[in-house]
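Accompanying notes for the structure given below.
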Amino acid sequence: MKHAFTLIELLVVMAIIAILAALLMPALERARESARRAVCVGQMRQVAFATHLYAEAHKGRTPVAQPYEWWPARWNSYLGLEVIWWPDYYPDGCFFGPALLVHTDFLPAPEVLYCPSVRQREYAFDGYYGWGEIGPAMPDGTRQAAGCNAYISSTYYYRCSRGWPLAVASMRDMSNPPYIFNTHNDRGTYALMADLFSTPGWNHIEGYNTLYLDGAVLWVADKDAHVPAVTGWVHYGQFETSWLTYFDRD
Numbered sequence: 004m005k006h007a008f009t010l011i012e013l014l015v016v017m018a019i020i021a022i023l024a025a026l027l028m029p030a031l032e033r034a035r036e037s038a039r040r041a042v043c044v045g046q047m048r049q050v051a052f053a054t055h056l057y058a059e060a061h062k063g064r065t066p067v068a069q070p071y072e073w074w075p076a077r078w079n080s081y082l083g084l085e086v087i088w089w090p091d092y093y094p095d096g097c098f099f100g101p102a103l104l105v106h107t108d109f110l111p112a113p114e115v116l117y118c119p120s121v122r123q124r125e126y127a128f129d130g131y132y133g134w135g136e137i138g139p140a141m142p143d144g145t146r147q148a149a150g151c152n153a154y155i156s157s158t159y160y161y162r163c164s165r166g167w168p169l170a171v172a173s174m175r176d177m178s179n180p181p182y183i184f185n186t187h188n189d190r191g192t193y194a195l196m197a198d199l200f201s202t203p204g205w206n207h208i209e210g211y212n213t214l215y216l217d218g219a220v221l222w223v224a225d226k227d228a229h230v231p232a233v234t235g236w237v238h239y240g241q242f243e244t245s246w247l248t249y250f251d252r253d
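Going by this note's numbering, the first residue of the sequence shown is number 4, and it counts up by one from there.
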């Protein structure tokens, strides 16, 4: 004679399954995040390779902005902010840092400028602020018509200089701008790119993948949130202090 499950037995089984799922979910999420961090490292290495190819073609200088003559472009680039393309004032837009690598064909895939762990989905590759299918090759009006922001952001900070030039707005020698990282002369322990650290947990939890001028990609742990939240557009001193204090290697 077959024995049918009673309601109580079914509820017990369901409770056990729910408990096991609750125990396994955090472990599965950690495993997924570990995989995403590994992908992020690979993307940064692609940017490192492209940066060094670009530098070899430009007397060791890392990419800053194109066109360089527009002083806000230099300002944004020196800070190392996340904006990578801005269409204003120039018909073809203004490319910053890693976007210039894409624009000059040293970095063929703009997707690598977007961390797979980004939690603000509007900043993902196909998000409102992302490169997506209608990147800089398309006019600004097309982007806005498609529900995208006028300028494009990355989910990484890309730092182009080793200090803040006070005369940034009045530079005249555009062929040899000062303070720009140079792979031939500068020590490789300067941080070149990092996960967005203006907001803790924006990409990864408890730390940041960081690319260095020598091509190394290392994990900068920040379990206790020591890296302060800053707004680079306003508080340059805080922003540069974060690079120097928490990301540059000794």
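Beta carbons: idealized from backbone N, C-alpha and C, even for Gly.
- As the crow flies, the alpha-carbon of Ser-37 is around 36 Å from that of Pro-90.
- Residue range 210 to 215 is occupied by the beta strand (DSSP E) that includes Leu-214.
- Bounds of any alpha helix (DSSP H) do not take in Ala-153, whose DSSP letter is neither H nor E.
- Distance between Phe-109 and Glu-59, taken at the CA atoms: about 11 Å.
- Between Tyr-117 and Ser-156, the gap from beta carbon to beta carbon reaches 7 Å or more.
- Each residue's CA atom was taken as its position, placing Asp-253 and Ala-194 some 11 Å apart.
- Minimum Cα-Cα distance from Ser-201 among the listed residues Asn-185, Ala-228, Ile-22 and Asp-189 corresponds to Ala-228.
- By the criterion of a C-beta distance shorter than 8 Å, Gly-150 is surrounded in its chain by Tyr-131, once the five residues flanking it on both sides are discounted.
- Boundaries for Val-230: no alpha helix (DSSP H) harbours it, and the DSSP string shows neither H nor E there.
- Note on the segment 96 to 135: whole beta strand (DSSP E) runs with a minimum of 3 residues are 97 to 99, in chain order.
- In the DSSP annotation of this structure, the continuous segment of the beta strand (DSSP E) that includes Met-196 starts and ends at 194 to 198.
- Following the DSSP letters along the chain, one finds Ile-87 inside the beta strand (DSSP E) bounded by residues 86 to 89.
- Annotation: the continuous beta strand (DSSP E) that includes Tyr-160 extends over 159 to 161.
- Excluding sequence positions up to five before and after Asn-185, its CB lies within less than 7 Å of the CB of Gly-63 and Arg-64, all in the same chain and listed in chain order.
- Straight through space, the alpha carbons of Pro-113 and Thr-9 are spaced by roughly 58 Å.
- Going by beta carbons, Asp-129 and Gly-135 fall inside the 7 Å limit.
- Exclusion of the five residues before and after Leu-214 leaves Met-47, Ala-51, Leu-195, Met-196 and Val-220 as the residues of its chain whose Cβ lies within less than 6 Å of its Cβ.
- DSSP, read as helix, strand or coil, puts Trp-246 in helix.
- Counting C-beta atoms within 10 angstroms of its own C-beta, Gln-69 has 16 or more neighbours from the protein chains shown and is therefore classed as buried.
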